[in-house]
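Worksheet for the structure shown next.
In our numbering, the protein residues as written are 11 to 268.
Now the structure itself:
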């Protein structure tokens, strides 16, 4: 069977690798249900980070070299008693839940893993209720992330380059009755707002079904050097590695090197 799995994929990085290996051996597709990765707007983010010039209407601006990425994802404790997110044995807490998003955007912007991670947490009932982490990525890029169950709803990031930054306050899911949106802030003070209409869950399912249909029609795609699903696999597997490094750092009080 092909697999669509709720995030996180597992509670450990080794388990995610085992799952991915089992699917590869059986030649079935898998996908983590992280819908924002499939929004048309996320494709815009990827292009803007990678391209030297970014067209916006009649204007063109440059992000310049990437320098810092920040993210924050939280909502205030809405749980019923017995909720799995409050059970340590089930991987409960904000890190493996909201941290999947907060760490994921840092990984996406840098297209890879950090080199070092420092993290701390506020624990309640044996699970992390608030986690803060600082990271260093290659090419002198720094990053910070925050996730928690004891602060108001946040779902924002900033990707800061030398010449401009991308700011988004709804990247995990658009606010109700508003289009997915964001802003580009130039160093000069100019601000370019943008919005994008899209159904990210529909895109996610369509992408998975597309992979399935493609490999059913051409089995040689399984052995192609750069299949279209590989980038999504790496995003998920490396996000899980980041969360594991954050957990290790916050429990030991030590810097973790990846």
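Where is the CB? At the ideal position from N, CA and C, for every residue including glycine. Just so it is clear, the structure is predicted and the values come from calculations on it, not from any experiment.
Nearest to residue 161 by C-alpha distance, out of 86, 196, 174, is 86.
Taking the CA atoms as reference points, residue 74 sits about 36 Å from residue 233. Within 10 angstroms of the beta-carbon of residue 209 lie fewer than 16 other beta-carbons, which makes it exposed.
At a cut-off of 4 residues, not a single continuous stretch assigned as alpha helix (DSSP H) sits fully inside the stretch 219-256. Restricted to the stretch 109-154, the beta strand (DSSP E) segments that are unbroken, complete and at least 3 residues in length are 126-134, 137-147, listed in chain order. Out of 179, 183, 185, 186, the CA that lies nearest to the CA of residue 194 is found in 179.
Runs of the beta strand (DSSP E) lying entirely within the stretch 161-202 and spanning at least 3 residues, in chain order: 164-171, 174-178, 190-196. For residue 40, there is no enclosing alpha helix (DSSP H); the residue is found in the beta strand (DSSP E) stretching over 40-42. Using a Cβ distance threshold of 9 Å, residue 218 and residue 12 count as a contacting pair. Contact check for residue 128 against residue 38 fails: the beta carbons are separated by 9 Å or more. Around residue 132, the same chain offers 139, 140 as residues with beta carbons nearer than 6 Å, after the five sequence neighbours per side are excluded. In this structure, the CA atom of residue 205 is about 16 Å from the CA atom of residue 168.
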